[in-house]
Amino acid sequence: MIKQTLFFSSPVSLSVRYGQLVIHFDDSEDEITRPIEDIGVVMVENQMTRLTIPLLNTLADNNVAVVFCDGKCMPSSMLMPLESNTVQQEVLHFQMEATLPTKKRIWKDIVEYKIRNQATLLDILKLDGSVLKPYWNNVLSGDSDNREGAAARAYWRQMFGGQFVRDREGREPNNLLNYGYAILRAAVARALLGSGLFPSFGLFHRNRYNAFPLADDVMEPYRPFVDCIVNEIFESSPKAQLDKNAKMMIIRVLTSDVMMNGQTRPLQVALSATTASLVRALKDKKENIVYPTFA
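Mapping of the sequence shown onto this note's numbering: residues 1215 to 1509, in sequence order.
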């Protein structure tokens, strides 16, 4: 089932009533409701939005990713449930006991999928995806020689020109990419928790200031789906303003069609399949993670 993504950019009051999210608009007496069981992500952008504690608890109980934005309207924090899976303790054991060779094998697969999806996107955009083939064909265990980084440099040159540098503080369209990756990261964290995994224990990403390194690992092959939408926005408007229309287009990535195991499915559904396969890969130390490709 495709979960809804709700985006609040104007002042509202949010509460819960009989399992329904109640939305009350400050400038009118009107209110609307949405079944919480049908919601996957809630984006709270407006700084004047008010939420009740019972609502936050109900959203957490239903594994809804609630993303809060800062004063610059950029995602800055997320509500995360402490318990989201009935076998969480068992899965956490698999995660904690994963051997270094298993982690290296999984990271190798992640890097290969990411570069393949980057190459496919370049071909879709009528650019030269073949320049990335030497990189995905030569990924070593744990990507010890950083094929991912080398491929990224060639990829961004193809995508946005030789002067573009992917940097959080860099020029446009880095602002659009930052926003899209933040949305994707929240959705990945939600899927990880739903599968009983703990996002704070990563495979490759390690940083004492990073709360969700596992989400950063798993999202890598999904990044090109964000890049695809950002490219569309940037091509139509090179100034790449992160306005409401751009944000709504980027959020659309969660419901975009991807191909997985020969079937077309929404990206947010594919995320759950990926995280479930990660649990199996950690458990039996042999199974590969399932990742999508472009439909």
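The beta carbon of each residue, even a glycine, is placed where N, CA and C say it ideally should be.
When C-beta atoms of the region 1435-1444 are compared with those of the region 1379-1394, three or more pairs fall below 8 Å, so the two segments count as touching. T1478: member of the beta strand (DSSP E) spanning 1477-1480, first to last residue.
DSSP, reduced to helix, strand and coil, places G1254 within a strand of the structure shown. With contact defined as three or more Cβ pairs closer than 8 Å, the region 1397-1410 and the region 1485-1493 are in contact.
Q1218: member of the beta strand (DSSP E) spanning 1218-1222, first to last residue. When the beta-carbon positions are compared, C1283 and V1258 come within less than 8 Å of each other.
In this structure, DSSP gives L1428 a helical state, which the three-state scheme calls helix. Where S1450 is concerned, the enclosing alpha helix (DSSP H) starts and stops at 1437-1450. In the three-state reduction of the DSSP assignment, M1310 falls in the helix class, which pools H, G and I.
Taking 8 Å as the cut-off, the beta carbon of L1220 is found no closer than this to the beta carbon of L1269. Looking at the DSSP output, M1292 shares a beta bridge with V1281. The three-state secondary structure of R1231, taken from DSSP, is strand. DSSP places P1348 in the helix class (H, G or I) of the three-state scheme.
With respect to the C-alpha of S1224, the residue from S1242, V1230, P1435, Y1232 having the closest C-alpha is S1242. Ranked by how close their Cα comes to the Cα of N1276, the residues P1295, P1427, Y1327 have P1295 in first place. P1268: not part of any beta strand (DSSP E); member of the alpha helix (DSSP H) spanning 1267-1275, first to last residue.
Residue environment analysis places E1251 among the exposed positions, since fewer than 16 neighbouring C-beta atoms fall within 10 angstroms of its C-beta. Taking a contact as a CB-CB distance under 8 Å, the pair W1350 and R1330 counts as one, their CB atoms being some 5 Å apart. Boundaries around I1397 are those of the alpha helix (DSSP H), 1388-1408, since no beta strand (DSSP E) includes it. In this structure, V1432 and V1402 form a Cβ contact; the two beta carbons are roughly 5 Å apart against a cut-off of 8 Å.
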